[in-house]
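A.B. asks:
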Amino acid sequence: MHIVHVASEMAPIAKVGGLADAVTGLAKAQQKRNHVSVILPKYSLLSLDAKEIRLDMQFPCEKKRISYDVRVFHTEIEKIPVYLIETSPLLDHFYEQKIYLGTKRDSERFIYFCKTVAEYLIRKNQEIDVLHLHDWHSALMAPLVKEVYLSLKVLVKSVALSIHNLAYTGKFSLSDLEEIHYPLTHTECFSSKGFFFTYYSLMRGGLGLCDALVTVSPGYAKEILTKKYACGFVDLLEKRRDSISGILNGIDEELWDPEKDLLIPHRFPKNASLDEILLAKRNNKRALQKRLGLQEEGRPLIVCISRLADQKNPELMKNGLIFATKQFAQGILLGTSPLKKKQAHFEKLAKTYEHHPHLRFIPLFSNELSRWLYAAADFLFMPSKFEPCGLTQMIAMKYACVPIVHHIGGLKDTIFDPRYEKDSKKVNGFYFTKSSFSIAKETINYALDVWKKDRCKTLIENGMSASYSWDAPAKKYEAIYKQIVAKNRPLEK
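Position 437 of the sequence shown, counting from 1, maps to 419 under this note's numbering, and the rest follow consecutively.
Below you can see the structure in the form of structure tokens.
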């Protein structure tokens, strides 16, 4: 099949969170059996050598009744064909050193991005079996294909939407659509009724018009049908229930491999016994303790590796780690916040605890240090308020680190607690069922007690041996693609 992904992120060149990893991981797995490409904005922050890209097409595109030149460049990322949409510098859409600005301008930027993608695909004039959209940033493509560009509707056989995080809905004003000459007779699909007003959401347009809706875990597929997690779309999602599927994300097991990871101090020996792996972990822990100035004692190490967004529950991370250090453990938090006040709060914590013998707050992003933490830690603490999938817990298990999580979304689908799971071959971590400090600390205490009694080995072995590659998810996506392509196939005369 000919599959085209349209997204705002793609690892490693344009990454904020798990969306980037998912787009790359899925496209790589699909490419083994299909013709796959990815379209995303040409952000100025992309560090691509001029020799690695070539101009694919240039054409005029209107906004505010003025015609601007759009250039489309072609390159390859992880051997995947990637097309980068560059809008005019006069529009200043993707010239900041950020993927997301966190302002109302984000909607304007991605609305114009979708318009330029539609214009590009029409000029490219290639049949597409599945146009696969990712979150609100590309959701406008569904109405453009289904209702606005009739020539594009002929080229695109079906449209799928991956819901990575429904909490981000892409609210916008109708003036943003008027600027790209979108016919206002086709805006009903975006409208949601508030208490006192009507608001417009790009995600709603995708939810209503895509042929298939796929959440990034089975657990999240069930949750978005409840009022608590539907983010205001419960009426629409209930109508689309039969179109919703949940497919658990994978991880790139070549990228996250402690046997080959050149960034960690002590790699796990190939075909090693569990005792040899645990020895490598102890050596990694000593190296990390020395690097961060922590006391080198026989304490279990609990880490948090996360964006410090409200969804991830940073206050519970903080309180959980402080509590753990009072219970004969060490704790490290690594991550940044998109909110200035929250970032300042954790920078202050970093100074407060910079000389503590067992606790560190590190308010920055570091791929290298995150790998050290995975390779050294005994436990990963992940108390998310909601979690559509979660990749961190899968990565942690590959590095012989046992997750302690909130029993929600994709964490439900991946973490199995020996207190509740009868199958000893599945148990791989611990979970708590309510997102509160009083409940979480009971599970932390239990996990520390299991560690003291040297009873974590089964959990570690099960976690390391499980497969979280993208091969199985890619096949499930392909089955959905075949269904929607067949459903939309025109009748023969």
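Glycine residues also receive a C-beta, built at the ideal position from the N, C-alpha and C atoms. Given the structure is predicted, the values throughout are model-derived calculations rather than measurements.
So if DSSP puts Leu195 in a beta bridge, which residue, or which two residues, is it bridged to?
C.D. replies: DSSP output for Leu195 lists Leu143, Ile226 as bridge partner(s).
A.B. asks: Taking Cβ to Cβ, would you say Ala378 is nearer than 8 Å to Pro370?
C.D. replies: No; because the gap between Cβ atoms is not below 8 Å, this pair is not in contact.
A.B. asks: By DSSP, does Ala(-7) sit in helix, in strand, or in coil?
C.D. replies: Three-state DSSP puts Ala(-7) in coil, outside helix and strand.
A.B. asks: For a test of the three-state rule: what should DSSP assign to Gln465, helix, strand or coil?
C.D. replies: DSSP places Gln465 in helix when its eight states are reduced to three.
A.B. asks: Taking the Cβ atom as the reference point for each residue, do Gly152 and Ala121 lie within a distance shorter than 8 Å?
C.D. replies: Result yes, Cβ atoms of Gly152 and Ala121 sit closer than 8 Å.
A.B. asks: Please determine, among Pro282, Lys323, Thr307, the residue with the shortest C-alpha to C-alpha distance to Leu290.
C.D. replies: Leu290 has its Cα closest to that of Lys323, out of Pro282, Lys323, Thr307.
A.B. asks: Give every residue of the same chain whose Cβ lies closer than 8 Å to the Cβ of Arg486, excluding the five residues on either side of it in the sequence, and list them in chain order.
C.D. replies: The shown model of the chain, from -17 to 475, leaves out residue 486, and the question about it has no answer.
A.B. asks: In angstroms, rounded to a whole number, what distance separates the CA positions of Ser29 and Phe76?
C.D. replies: The straight-line gap from Cα to Cα measures roughly 14 Å.
A.B. asks: May I ask you to report which of helix, strand or coil DSSP gives Met(-17)?
C.D. replies: The answer is coil: DSSP assigns Met(-17) none of H, G, I, E or B.
A.B. asks: Given a threshold of 16 other Cβ atoms within 10 Å of its Cβ, counted over all protein chains shown, does Glu424 qualify as buried or as exposed?
C.D. replies: So Glu424 counts as exposed.
A.B. asks: Quick one: give me the first and last residue of the alpha helix (DSSP H) that Thr334 is part of.
C.D. replies: Note, Thr334: alpha helix (DSSP H), 322 to 334.
A.B. asks: Decide yes or no for the touch test of the region 394 to 414 against the region 443 to 452: beta carbon pairs closer than 8 Å, at least 3 of them.
C.D. replies: With the cut-off at 8 Å, the region 394 to 414 and the region 443 to 452 touch.
A.B. asks: Candidates Ile(-15), Gly(-1), Val(-12): which alpha carbon is nearest Lys294's?
C.D. replies: Selected option, being the one with the closest Cα: Gly(-1).
A.B. asks: Helix, strand or coil for Tyr202, going by three-state DSSP, please let me know.
C.D. replies: Of the three classes helix, strand and coil, the one that applies to Tyr202 here is helix, per DSSP.
A.B. asks: Using DSSP bridges, identify the partner residues of Pro23.
C.D. replies: Paired residues: Ile67.
A.B. asks: Just curious, the alpha helix (DSSP H) that Asp447 is in, first and last residue?
C.D. replies: One detail in the question is off: residue 447 reads as Ser in this sequence, not Asp. Looking at the DSSP string, the run of the alpha helix (DSSP H) that includes Ser447 is 439 to 447.
A.B. asks: Which whole-angstrom value describes the C-beta separation of Ile206 and Leu219, a residue pair presumed to lie in contact below a C-beta threshold of 8 Å?
C.D. replies: The Cβ separation is near 6 Å, so the contact holds.
A.B. asks: Assuming Phe328 and Ser319 make a contact with CB atoms under 8 Å, what is their CB distance in whole Å?
C.D. replies: That pair is a contact at about 7 Å.
A.B. asks: Could you check the C-alpha separation between Val285 and Lys330 for me, to the nearest Å?
C.D. replies: Roughly 19 Å between the two C-alpha positions.
A.B. asks: Between Phe363 and Lys33, what straight-line distance do the alpha-carbon atoms span, to the nearest angstrom?
C.D. replies: Near 43 Å, if we compare the C-alpha coordinates of Lys33 and Phe363.
A.B. asks: Let me know the secondary structure DSSP gives Gly84 once reduced to three states.
C.D. replies: Correct three-state label for Gly84: coil.
A.B. asks: By the three-class DSSP mapping on this structure, what secondary structure does Thr415 have?
C.D. replies: Here Thr415 sits in coil by DSSP.
A.B. asks: Whole angstroms are fine: how far does the CA of Asn301 sit from the CA of Ala382?
C.D. replies: Whole-angstrom Cα-Cα distance: 24 Å.
A.B. asks: Once the 5 residues before and after Lys475 are set aside, which same chain residues still bring their CB inside 7 Å of it?
C.D. replies: At Lys475, the pLDDT of 43 sits below 50, so the modelled position is not reliable; the number obtained from the coordinates is stated separately. Counting only Cβ-Cβ distances below 7 Å, and skipping sequence neighbours, we find nothing.
A.B. asks: What would DSSP say about Cys96, mapped onto helix, strand or coil?
C.D. replies: Helix.
A.B. asks: Find out if the Cβ-Cβ distance for the pair Ala100, Leu126 is shorter than 8 Å.
C.D. replies: Yes.
A.B. asks: Counting C-beta neighbours from all protein chains within 10 Å, is the total for Gly372 16 or more, i.e. buried, or is it exposed?
C.D. replies: With 16 or more Cβ atoms within 10 Å of its Cβ, Gly372 is classed as buried.
A.B. asks: Residue range of the beta strand (DSSP E) that Lys175 falls in?
C.D. replies: Where Lys175 is concerned, the enclosing beta strand (DSSP E) stretches over 173 to 175.
A.B. asks: Specify the secondary structure class of Ser49 as computed by DSSP and reduced to three states.
C.D. replies: Ser49: strand per DSSP, three-state reduction.
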